[in-house]
Amino acid sequence: NAGVMQNPRHLVRRRGQEARLRCSPMKGHSHVYWYRQLPEEGLKFMVYLQKENIIDESGMPKERFSAEFPKEGPSILRIQQVVRGDSAAYFCASSPPGHTYEQYFGPGTRLTVT
Amino acid sequence: DAKTTQPNSMESNEEEPVHLPCNHSTISGTDYIHWYRQLPSQGPEYVIHGLTSNVNNRMASLAIAEDRKSSTLILHRATLRDAAVYYCILRAPNTGNQFYFGTGTSLTVIP
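Heads up: the sequence lines are chains A and B, in that order.
The opening position of the first sequence corresponds to residue 1 in my numbering, with each subsequent residue numbered one higher.
The opening position of the second sequence corresponds to residue 1 in my numbering, with each subsequent residue numbered one higher.
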């Protein structure tokens with residue numbers, strides 16, 4: 001059973017470009033979470049999704065950031081018009097229905113904005 | 001989200017037990033105590049969680065104070081692979097399932 005997969009592992013974007021980060025949850029998991037980790041800091045919750053629904057986006061910046069988890073395919077975290085402050089590691093986690101106390105994290109995508 | 005307080009860093013000798021403390025004096029009666037760890041350049045990894053009673057699993061033990069205002073993660077025999085940042089997290093059952101990570105304790109294991 002493959003773990004949570006994220007791609008790309010490293011992404012470099014120039015200021016003003018768009019960044020698209022993908023997350024494939026573990027098989028059978030219908031809950032996906034996105035977190036952001038700035039250098040030397042802990043992870044900060046961004047958004048919690050189930051298939052085709054955003055359950056909680058209280059940690060998402062109000063502008064430029066969006067997330068989706070379609071019926072088919074991976075979850076996508078999209079950052080429009082990136083700025084240097086968006087440089088961070090973005091982690092996706094998934095959990096199975098009814099066991100949300102145990103989240104399985106992916107290896108992360110390290111975004112660098114130049 | 002209730003706060004937790006952990007030491008910034010700790011050291012342990014290889015093959016010795018390690019006790020990682022966490023204070024959570026504002027914990028509410030329904031908050032679960034979770035521990036995750038993050039190895040260098042990896043995503044966090046679940047370690048253990050509990051509510052009131054002490055818990056044991058293959059990775060570690062969790063000792064919870066009687067008043068629940070503190071807890072201790074116990075690694076029975078530290079290995080080099082246990083070098084990581086350890087996060088103590090409180091989670092209320094009805095908060096949408098997200099975790100609130102602090103800065104954690106960076107554990108160094110000395111060979």
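The C-beta atom is built at its ideal place from N, Cα and C for all residues, glycine as well.
The model shown is predicted, which means the values in this text are computed figures rather than measured ones.
Exercise. What in chain A is Cβ-close to B/Q42, meaning under 7 Å?
Worked result: P107
Exercise. Can a CB atom of chain A be found closer than 8 Å to the CB of B/Q6?
Worked result: no
Exercise. Using the beta-carbon of each residue, which ones in chain B are nearer than 7 Å to A/H42?
Worked result: His is not the amino acid found at residue 42 of chain A; the sequence shown has Gly there. What A/G42 touches in chain B: Y87, F101, G102, T103, G104.
Exercise. Does the beta-carbon of A/H31 have 16 or more other beta-carbons within 10 angstroms, so that it is buried, or is it exposed?
Worked result: buried
For this session: Check whether the Cβ of A/F91 lies closer than 7 Å to any heavy atom of the ligand GTP, and answer yes or no.
Result: Here there are no bound small molecules, and the ligand GTP is not part of this structure.
For this session: Determine the chain A residues that contact B/H34 at a beta-carbon separation under 8 Å, and present them in chain order.
Result: Y101
Exercise. Going along chain A in order, which residues have a C-beta closer than 7 Å to the C-beta of B/H49?
Worked result: Y101
For this session: Give a yes or no on whether the minimum CB-CB distance between A/Y48 and chain B is below 8 Å.
Result: yes
For this session: Report the three-state DSSP secondary structure of B/G50 (helix, strand or coil).
Result: strand
Exercise. Residues in its own chain within less than 7 Å of A/F91 by CB, not counting five upstream and five downstream?
Worked result: Y35, Q37, L43, F105, G106, G108
For this session: Rounded to whole angstroms, what's the CA-CA distance from A/E63 to B/T103? Just pull it up for me.
Result: 26 Å
For this session: At 7 Å on the CB atoms, spell out the chain B contacts of A/F45, in chain order.
Result: Q98, F99, Y100
For this session: For B/T30, collect the residues of the same chain with a Cβ closer than 7 Å to its Cβ; drop the 5 residues on either side in sequence, then sort them by chain order.
Result: A92, P93
Problem set entry | Sequence-distant residues of its chain with Cβ nearer than 7 Å to B/Y46 (five each side left out) | Y36
Exercise. If you run the structure through DSSP and keep just helix, strand and coil, what is A/D56?
Worked result: strand
Exercise. With 8 Å set as the bound, which would you pick, yes or no: does the beta-carbon of A/D56 sit closer than that to a beta-carbon of chain B?
Worked result: yes
Exercise. Beta strand (DSSP E) containing A/M46: first to last residue?
Worked result: 43 to 50
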